[in-house]
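K.L.:
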Amino acid sequence: MSRRDAPERASISRRLRLTALRLVPLLALVCILLLPLFASADGNDGIPAILRVGISSQLFPDLDHNDVRIAMGLWTREVARRIGVESQMQPVIFTRPAEMLEAVNRGELSVISLPALEYLQVRETAPLIPLIVSSSNNGRGKSFVLLTHRSSGISSLKQLGGKSIILPPSRNRASHLWLDVLMLREGKRDRNGFFRQVREGTRASQAIMAVFFRQADAVIVSRDALETSTALNPQMGSQLNVIAESDYLLDGVTCIPRNSSARYAAAFQQAALHLHENTVGKQILTLFQLERTMLFHPSQLAGVEELVRERKRLQARPIKRRQNR
């Protein structure tokens, strides 16, 4: 690695730390490159010579796409140097699920990482094998909380009518799906008509501070973000009130094509499961503030699947009366 790469690497590392949980799916992508199998004397039988990675833009609502490409390029060069092989990686960021599905069907991708909601949309038609998730909360993903200030006296969603709320970026689809369900349970379908003001916050910590200082009436953030903020400022824990909390919702799923060789699939699994057992893997996990990755299991989708079903069921109910704030 040349000296001129050092400032660039340092800058990217800082950005990755700030968005650690959102970059969890990238960890699974890097895992493949750590395999000694790539350096075997008999060549790359069954393993793609060039890893063509497809990443959904929905996975990184807080990170610039160019930063993703640069970060993955830096990691790839570092891993290739450590294992003594030449390796190429061509990450492609897809803005529409249909585009990614077309690329998969054309055989243009060897690794695919996408949000759980997108996976649910395409799993019946896309030739994918889901293999990897992060080990956060035993692989179940994250939960979201709806916060208000204790002094506001607001203890339910119904009381937020005519109030202001800060939401995660719209690309964080799971949190918005959860809010849809909360509102539908109360017979409300139009968030802009129910709330006085709806805006999106780019940083969870800043959104939490807005409620803490009474600049907004409510906010939706992940439970992890809330715990981080209250650990840094214990006073927040006594002043903020959780009035609703979601089930665990899986963030992303990393897949390989269904026609992949058994050797490639096994190598992918072993690299991910044992990533924490070598020096390079420990360094990566430390950067991402994780302990390890784990294999995908269908039960991990239960929280997201139930929300999708409930929204569909509630949307089918007739509107009995005009919405009132």
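In terms of my numbering, the sequence shown opens at residue 7 and continues consecutively.
Even glycine gets a Cβ: it sits at the ideal position worked out from N, Cα and C.
Predicted, not measured: the structure shown is a model, and the values here were computed from it.
Compute the Euclidean distance between the alpha carbons of Leu-65 and Arg-323, then round it to the nearest angstrom.
P.N.:
Those two C-alpha atoms are separated by around 32 Å.
K.L.:
Relative to the C-alpha of Lys-164, which candidate in Lys-318, Thr-208, Arg-264 and Met-189 has its C-alpha closest?
P.N.:
Considering only alpha carbons, the answer is Met-189.
K.L.:
Does Gln-306 pass the burial test, meaning 16 or more other C-beta atoms within 10 Å, or should it be called exposed?
P.N.:
So Gln-306 ends up on the buried side.
K.L.:
Using the C-alpha atoms, what's the distance from Arg-177 back to Ile-56?
P.N.:
Rounded to whole angstroms, Ile-56 to Arg-177 spans 29 Å at the Cα level.
K.L.:
Can you find the residues in the same chain that come closer than 6 Å, C-beta to C-beta, to Ser-252, ignoring five residues on each side of it along the sequence?
P.N.:
Ser-149, Phe-150 and Trp-184, listed in sequence order.
K.L.:
Under the three-state reduction of DSSP, which class applies to Gly-168: helix, strand or coil?
P.N.:
Gly-168 falls in the coil class under three-state DSSP.
K.L.:
With Pro-174 as the anchor, note down where its alpha helix (DSSP H) starts and where it stops.
P.N.:
Per DSSP, Pro-174 belongs to no alpha helix (DSSP H) and is neither H nor E.
K.L.:
Could you pull the start and end residues of the beta strand (DSSP E) that Gly-60 belongs to?
P.N.:
Note, Gly-60: beta strand (DSSP E), 59-62.
K.L.:
Which class does Asn-144 belong to by DSSP, given the choice of helix, strand or coil?
P.N.:
The answer is helix: DSSP assigns Asn-144 an H, G or I state.
K.L.:
Quick check on Ala-322: does DSSP put it in helix, strand or coil?
P.N.:
Correct three-state label for Ala-322: coil.
K.L.:
If the criterion is Cβ atoms closer than 7 Å, does the pair Ile-160 and Ala-222 meet it?
P.N.:
No. Outside cutoff.
K.L.:
What residue does the alpha helix (DSSP H) around Asn-247 start on, and which one ends it?
P.N.:
First-last for Asn-247: 246-251, but that is the beta strand (DSSP E), not the alpha helix (DSSP H).
K.L.:
Are Ser-235 and Ser-211 close, meaning C-beta to C-beta below 7 Å?
P.N.:
Cβ atoms of Ser-235 and Ser-211: closer than 7 Å.
K.L.:
Would you decide whether Glu-187 is buried or exposed? Buried here means 16 or more other CB atoms lie within 10 Å of its CB.
P.N.:
Sequence inspection shows Val at residue 187; the Glu mentioned does not correspond to that position. Val-187 is buried by the Cβ-count criterion.
K.L.:
Just curious, the beta strand (DSSP E) that Ala-224 is in, first and last residue?
P.N.:
Its beta strand (DSSP E) spans residues 224-228.
K.L.:
Give the C-beta separation of Val-139 and Phe-302 to the nearest angstrom, bearing in mind that I take them to be a contact with Cβ-Cβ under 8 Å.
P.N.:
The pair is a contact, with the Cβ atoms about 5 Å apart (cut-off 8 Å).
K.L.:
Here's the rule: buried if 16 or more other CB atoms are within 10 angstroms of the residue's CB, otherwise exposed. What is Val-248?
P.N.:
Exposed.
K.L.:
For Arg-205, report the span of its beta strand (DSSP E) as first-last.
P.N.:
First-last of the beta strand (DSSP E) with Arg-205: 203-206.
K.L.:
Starting from the Cα of Leu-153, find the closest Cα among Leu-256, Tyr-254, Ala-224 and Arg-220 and give me that residue.
P.N.:
Checked all of Leu-256, Tyr-254, Ala-224 and Arg-220; the closest Cα to Leu-153 is Ala-224.
K.L.:
Between the alpha carbons of Glu-316 and Lys-169, how many angstroms are there, rounded?
P.N.:
Roughly 25 Å between the two C-alpha positions.
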